[in-house]
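Visitor: Please find one structure pasted underneath; my questions will follow.
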Amino acid sequence: MESIGIIAEYNPFHNGHLYHLEKIREKYPAAVIVLVMSGNFTERGEVSLLDKWTKAEIALKAGIDLVIELPFPFATQSADFFSYGAITILEKLGVERVIFGSESNSIDDLMLIAKTQLESEDFHHLVKVYSKLGENYPTALSNALYDITGKKITTPNDLLGISYLKTIIENGYHIKAETIKRMDNYHSKELNRLASATAIREALKNNQDIKPYVPAFVYPYLKNNLHFQEDYFLFLKYKVLTEENLDGYHLVEEGIDKKIKKEILLAHSYEDLITRIKSKRYTYNRLQRVLNSILCNFSKEKAKNWREVSYIRILGFNKQGQVYLNSIKKELELPLISKMTKNKDPMLAFEIEASRIYALTMEKEKQIELVEKEYKNQFFRGE
C-alpha cells in the first residue's frame, strides 16, 4: 500500500491545509495519508487553539487516513528536534515519502542546504563568527548559509523542510521527501482566502468572523472551547512566583530566570512579559518555549532523558488507516499505543499531565471530559 506522510499542527486547519491535501490526492489518489500532529502544545511554545482530539477529528474529515500524536518533548521544541521526532515516527511506520509545504518549492536547493549544514566545516565556523558578532542563532545560520551557497532561506516552511531533510540524511532513513508550493504567508495577519493559521488565530482572538477563511466543515469547531495563550498567564505567574528557582526547567539558562522573576511582577499579560524579556539572544519563539517549559513542568532532566521516540500513539484513523496499521503492526519496532494502561511509558504519562494543564482554562465538566479522553476515548474513528 502506497503511503504518504504529513507533519502538521493544524492550529487551526485552514484552506491552505486543504489545498495541500488536495494536491497530494491528485498525485497519489490511492495512497494512505499518515499525519504526525502536535497535540495540545505546539512547536512555537504556544497552546493549541483546539485540543488534539478535536484536531484529529477535523483531520479525518479532511481526508487524512491515520493520525499519530507527536509527543510533547518533540512537539514543543525547535525545528531540528521537532523534525527528528516527526520524521522518525513516519520512518518507523514504514511511510514511503513525506510531502511538505515549501515557499521555494525546490527540493534540490533545500537538500543542498541540508547537506551543507551537516557536512561543511566552514558553515559551522561562520555560524560561530556571526554569533560572536551579536546575531541570534537563526540569523547566524541564515548568513552562514548565504555565504557558502549563495542561497537565502528565511521562510518558515523551507527552514522546517531543511530540518526534515537533515533528519533523513543524518539517520540514513529510507523515507523520500517532496514539496508542494506554499501559497500563503505563514506570518501574515492579513485575512484572505488562503489566510495563515496566525491570521486566523489573531482574528478569533479579536472576535472577528473567520467563516470565509476556513473550510466549511471546520468552521463549527471554531465557535467555542478555544484556547489562547493569554488564558494561561495567571497560571504561569503563580508558578514563577511560588518557585524558588527556575533554572531546572528546559531552556532556562543563566540570567533569564532572574529576568523572568523580575518582569513577571510588572507584566500585565503573556505578550507583555515576552516583550519585556526579549533580546537578540532570546528570540520571541525561544522565550515562548522557555515559558511553556515552566508552565508545563518540563525539566532539563526530562528533556535530556526523552531524546528518542519511545512509542507511537494513535489519535484517530479511518478504514484505510486501519488497513494500513494492520499491514505494518507486526514489523513495528516501537509500541503502538491505542489504549492506556497503568504501566505507562514515562513520556506518555507526562503527556497526560500536560493535558491536565491545558484543560485548566475550561469549565470543570469540560476539564474532566478532556482528561478522561486520554483514557476512555483512545482514538477517533473516521468513516
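Residue numbering for the sequence shown follows this note's numbering, beginning at 82 and increasing consecutively. From the three backbone atoms N, C-alpha and C, an ideal C-beta is built for every residue, glycine too. Only a predicted model underlies this, so the values are computations on that prediction, with no experimental measurement involved.
(1) Verify whether the separation of the beta carbon atoms of TYR439 and VAL117 is less than 8 Å.
(2) Let me know the secondary structure DSSP gives LYS262 once reduced to three states.
(3) List in chain order: all unbroken beta strand (DSSP E) runs of 3+ residues lying wholly within the segment 144-222.
(4) Around the Cβ of PRO302, are there at least 16 other Cβ atoms within 10 angstroms (buried) or fewer (exposed)?
(5) Helix, strand or coil: which one does DSSP assign to TYR363?
(6) For LEU116, which residues does DSSP report across the bridge?
(7) Do GLU90 and GLY397 have their C-beta atoms closer together than 8 Å?
(8) With a Cβ-Cβ cutoff of 8 Å, do THR169 and PHE122 count as a contact?
(9) Measuring straight from C-alpha to C-alpha, what distance separates ILE88 and ASP239?
(10) Just checking, does the segment 287-303 make contact with the segment 339-359 on the three C-beta pairs under 8 Å criterion?
(11) What residue range is occupied by the uninterrupted alpha helix (DSSP H) comprising LEU102?
(12) Roughly how many angstroms separate the alpha carbons of ASP312 and ILE358, rounded to a whole number?
(13) In chain order, what residues of the same chain have a beta carbon less than 7 Å from the beta carbon of LEU354, not counting five sequence neighbours either side?
(14) Which residue's Cα is closest to the Cα of VAL404: SER187, ILE114, GLU446?
(15) Our contact map puts TYR165 next to PHE155 with C-beta atoms below 8 Å; I'd like the distance itself, whole angstroms only.
(16) Please list, in chain order, all residues of the same chain as ARG274 whose beta carbon is under 8 Å from its beta carbon, the five residues on each side excluded.
(17) Could you name the residues of the same chain whose beta carbon sits closer than 7 Å to that of ASP190, not counting the 5 residues immediately before and after it, in chain order?
(18) Thinking C-alpha only, which one of SER183, GLU103, LYS340 is nearest THR260?
(19) Three-state secondary structure (DSSP) at LYS142?
(20) Starting from LEU451, trace the beta strand (DSSP E) both ways and give me its first and last residue.
(21) Report all residues from its chain with a CB closer than 6 Å to the CB of ARG370; omit the five preceding and five following residues, and keep chain order.
(22) Give me the Cα-Cα distance between GLU83 and HIS98, rounded to the nearest whole angstrom.
(23) Expressed to the nearest angstrom, what Euclidean distance is found between the alpha-carbon atoms of ILE134 and SER277?
(24) Measure the Cβ-Cβ separation of TYR109 and ILE145 and say whether it is below 8 Å.
(25) Taking DSSP as the reference, what is the three-state secondary structure of ARG370?
(26) Is DSSP giving GLY402 helix, strand or coil here?
(27) Could you check the C-alpha separation between ILE149 and SER187 for me, to the nearest Å?
(28) With LYS233 as the anchor, note down where its alpha helix (DSSP H) starts and where it stops.
(29) Would you mind working out which of ILE341, LYS196, TYR227, PHE314 sits nearest ASN252, comparing C-alpha positions?
(30) In this structure, does DSSP put LEU417 in helix, strand or coil?
(31) Pick helix, strand or coil for LYS385, following the three-state DSSP scheme.
(32) Could you pull the DSSP bridge partners for LYS257 from this structure?
(33) Look up VAL128 in the DSSP assignment and give the residues it is bridged to.
(34) Quick check: what's the CA-CA separation for LYS209 versus ASN224?
(35) For GLY120 versus PHE163, is the C-beta distance shorter than 8 Å?
Guide: On the basis of the coordinates in this document:
(1) It is not a contact, given that the beta carbons lie outside the stated cut-off.
(2) In this structure, LYS262 counts as strand in the three-state DSSP scheme.
(3) With a minimum length of 3 residues, the continuous beta strand (DSSP E) runs that stay inside the segment 144-222 are 147-151, 178-183.
(4) As written in the sequence, residue 302 is Tyr, which differs from the Pro given in the question. Looking at its Cβ environment, which holds 16 or more other Cβ atoms inside 10 Å, TYR302 is buried.
(5) Here TYR363 sits in coil by DSSP.
(6) In the DSSP output, where bridge partners are listed per residue, LEU116 has ILE87, VAL148.
(7) Result no, Cβ atoms of GLU90 and GLY397 do not sit closer than 8 Å.
(8) 8 Å or more divides the Cβ of THR169 from the Cβ of PHE122.
(9) Cα-Cα distance, rounded: 13 Å.
(10) By the criterion of at least three beta-carbon pairs nearer than 8 Å, the segment 287-303 is not in contact with the segment 339-359.
(11) From DSSP, the alpha helix (DSSP H) with LEU102 extends over 96-108.
(12) Each residue's alpha carbon lies about 20 Å from the other.
(13) GLU344, ILE345, ALA348.
(14) When only C-alpha atoms are compared, the closest one is ILE114.
(15) Contact holds; Cβ gap of about 7 Å.
(16) The beta carbon of ARG274 sits closer than 8 Å to those of ASN96, PRO293, TYR294, all from its chain and outside the five residues before and after it, given in chain order.
(17) Answer for ASP190: LYS232, listed in chain order.
(18) The closest CA to that of THR260, considering only SER183, GLU103, LYS340, is found on SER183.
(19) DSSP, read as helix, strand or coil, puts LYS142 in helix.
(20) Premise fails: LEU451 lies in the alpha helix (DSSP H), 445-454, not in any beta strand (DSSP E).
(21) Once the five neighbours on either side are set aside, the close Cβ partners of ARG370 are GLY126, LEU332.
(22) Each residue's Cα considered, the two are about 21 Å apart.
(23) Ile is not the amino acid found at residue 134; the sequence shown has Trp there. Between TRP134 and SER277, the C-alpha separation is close to 22 Å.
(24) No, they are not a contact pair.
(25) DSSP places ARG370 in helix when its eight states are reduced to three.
(26) It is helical.
(27) Distance between the alpha carbons of ILE149 and SER187 is about 27 Å.
(28) Neither: LYS233 is in no alpha helix (DSSP H) and is coded neither H nor E.
(29) The candidate whose alpha carbon is nearest that of ASN252 is LYS196.
(30) In this structure, LEU417 counts as strand in the three-state DSSP scheme.
(31) DSSP, reduced to helix, strand and coil, places LYS385 within a helical segment of the structure shown.
(32) In DSSP, LYS257 forms a bridge with ARG178.
(33) Per DSSP, PHE122.
(34) Taking the straight line from one Cα to the other gives about 11 Å.
(35) Taking a C-beta distance under 8 Å as the contact criterion, GLY120 and PHE163 do not qualify as a contact pair.
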